[in-house]
Amino acid sequence: MNHITLSNGLRIAPVALGAMNFGTTTSKEQAYAVLDAYIDMGGNFIDTSNNYAHWAGTGDESETVLGEWLRDRGCRDRVVIATKVGFDRHGEGAGLKKAQIEYWVDESLRKLGTDYIDLYYAHTDEPTTPLEETMETFGMLVKKGKVRVLGGSNYDTWRFSEANALAKANGWTPYTVMQQRFTYLHPRADMAPKYIFNESVNRERLRYLCDKDIPLVSYSCLAKGGYEDTSRIPSDYIVGERLETIRNMAQEKGVSTSALVVAWMVNLYRCEGFPRVIPLFASSRVSHFTDNLKGVSLALSDEEMAILNRA
Ligand SMILES: NC(=O)c1ccc[n+]([C@@H]2O[C@H](COP(=O)([O-])OP(=O)(O)OC[C@H]3O[C@@H](n4cnc5c(N)ncnc54)[C@H](OP(=O)(O)O)[C@@H]3O)[C@@H](O)[C@H]2O)c1
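Per this note's numbering, residue -2 is the first one in the sequence shown, and the count goes up by one each step.
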């Protein structure tokens, strides 16, 4: 895999592995198998959070399983760990106040069994805390060496931009990665996503990221398995010509539609007005995960990209 360099010199694989369900609906054994397969294929960029997956357990499971795997494989220095703070666990603890961030970063470090986090995200915007407080606190974590790079997830573009303007004006570390829900299908204009923070990426956001040279880590990019089983496509996506187009091309190329979605995303930066996109996907099965990874090395011509973009 051709790795990408982030701010601070961090080198990441062009696709990220989602660990959200590790230790809950994905067993520890399955998680180890997927993690090992990803590393064997050249991956190094793993995504978790301080609250995964509290709706199916306590919220400690994902980071804990990941920490055990890092220890068992002795590979901490060869992987890039991204984790997050800001969402609730069982209705409690949501927020980005100084005390909350300082508490949860230490909890994440403890569970992961490490003394630094490579990429630390604000998991969601939190308008009741001044952005200054959040950005100054994050900046201190970078200064202390607990965190290397910062990112923002589920922010409106203008709030992300405002946070970075404040960071710049005060000499704090800005967000240099954005994580947002994004897939090949277009969102429906007449229907909001199930959760408000799940708002999908639009053209304006893509242009902003392109202009600022900020990479987009795209979560739920396989539409929850919906490219292989359309009944799983979230109801706020349009299922029509665009799905037909990518399915037909996948068939012609002899790959799965999910692998082609991954290929389209990793190649988007070649097209005008698009930032670097790093697909972030999950699977409980090695066979699914490695099939999706085939998209990383799939060649797509300019004409094929244009067909996919036009649909
Ligand atoms: N920042 C945020 O707010 C946020 C929100 C949600 C998620 N995330 C991150 O993004 C990661 C991925 O998100 P996600 O799980 O929502 O979405 P996803 O990766 O789009 O979908 C995962 C689902 O797709 C299925 N799947 C994958 N490949 C398949 C294949 N080849 N054939 C059939 N089914 C396939 C998996 O089933 P199998 O297990 O059967 O393979 C799994 O149920 C998470 O782990 C998390 O790290 C971040």
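Cβ coordinates follow ideal geometry from the N, Cα and C atoms, glycine included.
Distance CB(residue i)-CB(residue j) smaller than 9 angstroms
i    : j    : result
D33  : R70  : yes
L14  : D44  : yes
S217 : H120 : no
P127 : I211 : no
R145 : L106 : no
G20  : A28  : yes
N253 : F278 : Looking at the sequence provided, one finds Ser at residue 253 rather than Asn. The answer is no: Cβ separation not under 9 angstroms.
G142 : W169 : no
E60  : L93  : no
M188 : Y152 : no
V214 : G292 : no
N161 : R178 : no
P276 : D233 : no
V258 : Y205 : no
A91  : D85  : yes
I98  : T125 : no
Delimiting residues of the alpha helix (DSSP H) encompassing residue i
i    : result
T254 : 254 to 264
G223 : First-last for G223: undefined, no H or E at that position.
K108 : 95 to 109
R178 : Segment 172 to 178 is the beta strand (DSSP E) holding R178; no alpha helix (DSSP H) there.
K143 : Note, K143: premise wrong, no alpha helix (DSSP H); not H, not E.
V62  : 58 to 70
F286 : 283 to 290
I36  : 25 to 37
D208 : 200 to 209
A247 : 238 to 250
Buried/exposed call for residue i, threshold 16 Cβ in 10 Å
i    : result
Q248 : exposed
I309 : A question about residue 309 goes unanswered here, because the residues of the chain that appear run from -2 up to 308.
G6   : exposed
N264 : buried
T23  : buried
P11  : buried
S284 : exposed
G251 : exposed
R202 : buried
N167 : exposed
Which listed residue (the options) has its alpha carbon closest to that of residue i
i     : options                : result
M(-2) : M302, S298, L297, L290 : L290
E241  : S232, D233, T227       : T227
R239  : L305, D288, G292       : L305
L297  : L219, M246, F157       : M246
A96   : A30, T131, I230        : T131
V82   : V62, R75, L138         : L138
M310  : Y49, T111, Y181        : Residue 310 lies beyond the range of the chain shown here (-2 to 308); nothing can be said about it.
H87   : D299, T111, V62, H51   : H51
Extent of the continuous beta strand (DSSP E) run through residue i
i   : result
I78 : 77 to 82
L3  : Note, L3: premise wrong, no beta strand (DSSP E); not H, not E.
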